[in-house]
Amino acid sequence: MTGDELAGCTVWQGVVYSADDKGNIALLAAEGTDAPQSLIFPDLGPSLQMSSAFGSIGFSKLPWDVFLLKGCQE
Numbered sequence: 262m263t264g265d266e267l268a269g270c271t272v273w274q275g276v277v278y279s280a281d282d283k284g285n286i287a288l289l290a291a292e293g294t295d296a297p298q299s300l301i302f303p304d305l306g307p308s309l310q311m312s313s314a315f316g317s318i319g320f321s322k323l324p325w326d327v328f329l330l331k332g333c334q335e
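Spelled out as structure tokens, the structure:
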């Protein structure tokens, strides 16, 4: 895949943050640490809404920018 092809299908770029149950926001922790309570993808919803993946030929529901951990698979 070329850089142009990758750029053509990328609908969101940004920093993924973590949040704990007390509302503390931080960068993702290092490998081997406990998983965060939630992940934050800033502006993911609006970015998807502005992409060609949204609408009559794509998906009709948009996610919020925060994803809660429900379980782990190892």
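Heads up, this note's numbering is the position in the sequence shown plus 261, with the first residue counted as 1. Using N, Cα and C, we set each Cβ at its ideal position, and we do this for glycine too. If you're wondering where the values come from, they're calculated on a predicted model, not measured in any experiment.
| field | Ser308 - DSSP class collapsed to helix/strand/coil | value | Numbered from 1 along the sequence shown, position 47 holds the residue referred to as residue 308. Looking at Ser308 - three-state DSSP - the assignment turns out to be helix.
| How about Pro303 and Asp326: are their beta carbons less than 7 angstroms apart? | Sequence index remark: in the sequence shown, residue 303 carries index 42 (1-based). Sequence index remark: in the sequence shown, residue 326 carries index 65 (1-based). A distance below 7 angstroms separates the beta carbons of Pro303 and Asp326.
| Pairwise C-alpha distance: Met311 and Leu267 | As a first step, residue 267 is located in the sequence shown; it is residue number 6 there, counting from the start. As a first step, residue 311 is located in the sequence shown; it is residue number 50 there, counting from the start. Rounded to whole angstroms, the gap between the alpha carbons of Leu267 and Met311 is 17 angstroms.
| request: Enumerate in chain order the residues of its own chain whose CB-to-CB distance from Val276 is below 8 angstroms, with the five nearest sequence positions on each side excluded. | output: In the sequence shown, counting from the first residue as 1, residue 276 sits at position 15. Answer for Val276: Leu288 and Pro303, listed in chain order.
| said: Quick check: Leu330 and Ala296, are their CB atoms within less than 7 angstroms of each other? | reply: As a first step, residue 330 must be located in the sequence shown, where it is residue number 69. As a first step, residue 296 must be located in the sequence shown, where it is residue number 35. Between Leu330 and Ala296, the CB-CB gap stays under 7 angstroms.
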